[in-house]
Every structure is written in structure tokens, then in C-alpha cells.
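Position 320 of the sequence shown, counted from 1, bears residue number 337 in the numbering used here, the numbering being contiguous throughout. The structure appears right after this line, and notes come after that.
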Amino acid sequence: MELFHENKNRYFSLVSKILNLASNGLNESDLKILIADGEYEEKLIGKDFESFEGLLLNKYTKENNLNLLKLENKKYYPVIGKNGFNPVPIRFTNIEKQWLKELLKDSNFRNLLGDKICVILDTELEELKDMNMTSIIEKTNVVKRNNNHLNEGYYNNFLKILNAIKEDKEIVYDNKDKFGNEYKGLRGLPLKIEHCMKDEIIRISLYFIEENRPVMINLHTLSNIKIKEDKECNLTKLEIFKSLKDKKYCTEPIVFELKDEKEAMERCFMSFSSFERTARVIGENLYEIKIYYYTFDEDEVIRRILSLGHFVKVIEPARIRKKIIDRLVLALEL
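This is the structure we're talking about:
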């Protein structure tokens, strides 16, 4: 296994994810959504130009199939392990263990994990040599905010939402927007927890049931969270993610060249830490960056590109180039 080979690592991760999710059985439509979301755009692979989907779902000969899943009562299960148990255990490398040990020194991180998990990790990592890596790491280009919200209620809310995501349950909550308006008794299905390195804010990606749309809300603005046992959402998480990908995800990434001067590359990756992105070297201290984003985040992406200054040259799409040029012209005219 070439761990740092981009293609092989991506498919290895995808197979591991599918095998573990299939421990309780997955139907073919759900598997196809997982595969479509995780594979590369190039669907045909190998010398025989077979699809990864076909190989995993045993659509070819036994000799060519991956033979990792078996079909029972119209559901696919892993051929290894017992039903209900993850067949591919997570194994940490020494580097990952060192990283965890350093993170455990952070009180905010420990509060988010909870005492039970922290005690287990402390015990498992006790004999690991302390490299004290945090002493040589300096955080730059971050927004300093008031941390008054980091209280017991904040961490309890985090754990409630985390449990709701793991158990695939809906929540009822109150929320306050940036203008101070309060909203009571809202109902939603939590999808993901996201963390932005730049402003150290945790956000919740949630499907707002009343309006049938996804929203992004700050964890610290939520209160009175209750996990519900009944379901009102007519869509599964996989269906929601597929709809997001099809309707709300950009059809083409924003591509720009970045000259790495005055720590521009570091600032770029900090600014876009919460976005899917790729980078490749195209010259001396010159990189091509691709940013993938949800359409409702487009203005925020443009704002962050502009914050990088004259080190950036936007290549495509032309529509985004025009938007940025128009903003610069308007700023010069003021």
C-alpha cells in the first residue's frame, strides 16, 4: 500500500469507509451514492477500463471483482467480520499518536472530547515519548475572538449534536442570529460538525426541516438542544448529501495562481481550511490552487481570495474573474 499515493490512498479510504458502514447492511442505491461521492471523476479504472462501482458491487467476473461485499436479502454486507461490527479497525500510526498526545494538552480539545474518551487516550498514549511539538508551532493569520462562550453548556451542546449525528437523530433547538434575533423550537437533522482554523469557530451543518434546506449555524449561538426520538425529515442523510452535491456544489472549482511571498501560501491554506482544495507546483514559488465550494459560500470564497492581495491571479471560471475585477474597480473608484 503506497500510503501517500493520492489515487491509491483515496480508494483505500473509500473502501474502508464503505466496509464499516456496510456492517449493518447497505442497499445498492446508498452504496452508489457513497461511491459517487468518494471516487474520482474518471469512472473507468484499470487496464480493462472497468468502473470502481462495478468492481465493488460484483458486476464483473469473480476473478475481476474486488469480492469485498456479499449480497444478502437485497443488502450488501462485508465478507469479513461479523454483522454489526466494523470489519476494518482504525489503526493509528506513530505520527498520528504524537499528534493526538499534543492535542490532549489543549483544554478546549479535552472538553470537546469528554472525560471518558480523554482518560482512555491518556492511558493508551502514556508510554509514548513526549515530543513537545506545540512549543515549535506558531499560529498565524487567526482571528482572535472573545471566548466567553466556552463554558460547560457549550461543550454539552457539542456532545449532544455529536451523539445526534452518530445516532442519526433529529434535534430541536433555539438559535440567535448575528443581529440578535431569537428563534425558538427549530427542528433539524445535524449532518456534520465543521471547524474553521482561522477563527476557531465550530459550525454545524444541519438540514432545516421546516424549510427543507441545509443551513450552517454557529455552535455558540445554539441553546436548549434536545435530541428527538421521532423523525419528521423525509430524506436520509445520503439523499441530502447527494442533493447538496448535485444542486448546491459548484460545477467547476475556482482556479487561481498564487505567488508564495510574505507567507501567502500559509495564509491561503489557513483561509480555506474549511473548503475542499488542491494545490500543485507550476513554477518557482508559484502554485495553482483549486477551491471547491457550495454555491451559498461563493461570496465568502471571493472575499477570502481578495484578502490574499496581489499575490493571487484568478484563472477561471470567467464569471468569478469578472466578479473580482468588478469589486476591485469599485473599490478604486471609492
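We put the CB at the ideal spot given by N, CA and C, even for glycine. Since the model is a prediction, treat every value here as computed from it, not as a measurement.
Residue range of the unbroken beta strand (DSSP E) whose run includes residue i
i, result
"ARG297", "293 to 300"
"VAL96", "Unbroken run through VAL96: none, as it is neither H nor E."
"ASN192", "188 to 193"
"ILE244", "239 to 244"
"ARG108", "It is not in any beta strand (DSSP E) - ARG108 carries neither H nor E in the DSSP assignment."
"ILE154", "No beta strand (DSSP E) contains ILE154, which DSSP labels as neither H nor E."
"PHE273", "271 to 276"
Alpha carbon of residue i to alpha carbon of residue j, nearest angstrom
i, j, result
"LYS307", "GLU315", "14 Å"
"ILE107", "ASN125", "24 Å"
"ARG127", "THR253", "31 Å"
"VAL105", "GLY98", "8 Å"
"LYS133", "TYR224", "29 Å"
"VAL346", "TYR310", "25 Å"
"LEU20", "ASN26", "Its pLDDT being 48, under 50, LEU20 is placed unreliably in this model, and the value from its coordinates should be taken loosely. So the two alpha carbons sit approximately 6 Å from each other."
"LEU31", "LEU43", "15 Å"
"ASN81", "ASN41", "26 Å"
"ARG230", "SER290", "24 Å"
"GLU228", "ILE342", "35 Å"
"GLU89", "GLY197", "53 Å"
"LYS146", "HIS212", "28 Å"
"MET18", "ILE112", "Low per-residue confidence applies at MET18: pLDDT is 42, beneath 50, and the placement is therefore not dependable, though the value from the model is reported in the following sentence. MET18 and ILE112: Cα-Cα distance of roughly 17 Å."
"SER33", "ALA39", "10 Å"
"PHE273", "CYS135", "41 Å"
"GLU256", "LEU129", "29 Å"
"GLU278", "ASN302", "8 Å"
"GLU350", "LYS340", "16 Å"
"MET282", "ASP194", "33 Å"
CA nearest to the CA of residue i, picked from the options
i, options, result
"GLY300", "LEU275, ARG294, ILE319", "LEU275"
"LYS183", "HIS166, ILE210, GLU217", "ILE210"
"LEU323", "TYR309, LEU83, PRO334, ARG338", "ARG338"
"PHE258", "ILE271, HIS212, LEU179, PRO207", "PRO207"
"TYR304", "PHE292, CYS285, VAL32, SER290", "CYS285"
"ILE271", "GLY197, THR312, LEU176, LEU179", "THR312"
"ILE221", "LEU236, ASN198, TYR93", "LEU236"
"PHE109", "GLU141, LYS79, SER290", "GLU141"
"ILE332", "LEU255, ARG230, GLU228, GLU269", "GLU269"
"GLU293", "LEU48, ILE50, GLY55, SER33", "GLY55"
"MET287", "GLU113, LEU167, ILE234, GLU155", "GLU155"
"ILE52", "GLU70, ASN37, LEU38, ALA39", "GLU70"
"ARG344", "GLU280, ILE234, ARG320", "ARG320"
"GLU244", "ASN173, PRO334, LYS76, THR78", "Before going on, a small fix: residue 244 reads as Ile here, not Glu. If we check each option's Cα against that of ILE244, ASN173 comes out closest."
"GLU143", "GLY131, THR151, LYS122, LEU130", "LYS122"
"ALA181", "LYS248, ILE153, SER152", "LYS248"
"GLY131", "ILE153, TYR171, HIS166, ASN103", "TYR171"
"ASN103", "ALA281, ILE35, ILE50, ASN75", "ILE35"
Extent of the continuous alpha helix (DSSP H) to which residue i belongs
i, result
"ASP216", "From DSSP, ASP216 is part of no alpha helix (DSSP H); its letter is neither H nor E."
"SER260", "254 to 260"
"ASN173", "169 to 183"
"GLU89", "No alpha helix (DSSP H) holds GLU89; the beta strand (DSSP E) holding it covers 86 to 89."
"LYS49", "45 to 55"
"LEU323", "315 to 323"
For residue i, the three-state DSSP class (helix, strand or coil)
i, result
"HIS166", "coil"
"ARG27", "helix"
"PHE225", "strand"
"GLY71", "helix"
"LEU208", "strand"
"LEU20", "Any reading at LEU20 is ruled out, since the residue's pLDDT is 48, under 50, leaving its predicted position unreliable."
Chain-order list of residues whose beta-carbon lies under 6 Å from that of residue i (same chain, five-residue window excluded)
i, result
"LEU73", "LEU83"
"MET148", "GLN115"
"LYS87", "TYR94, VAL96"
"TYR190", "LEU203, LEU239, ILE242"
"LYS265", "TYR311, THR312"
Beta-carbon proximity list for residue i, same chain, < 7 Å, skipping 5 on both sides
i, result
"LEU120", "PHE126"
"LYS92", "GLY42, LEU43, ASN44"
Beta-carbon proximity list for residue i, same chain, < 8 Å, skipping 5 on both sides
i, result
"ILE218", "ARG162, HIS212, ASN235, LEU236, HIS237"
Beta carbon proximity, residue i to chain B, threshold 7 Å
i, result
"ILE319", "The structure shown has no chain B; it contains just one protein chain."
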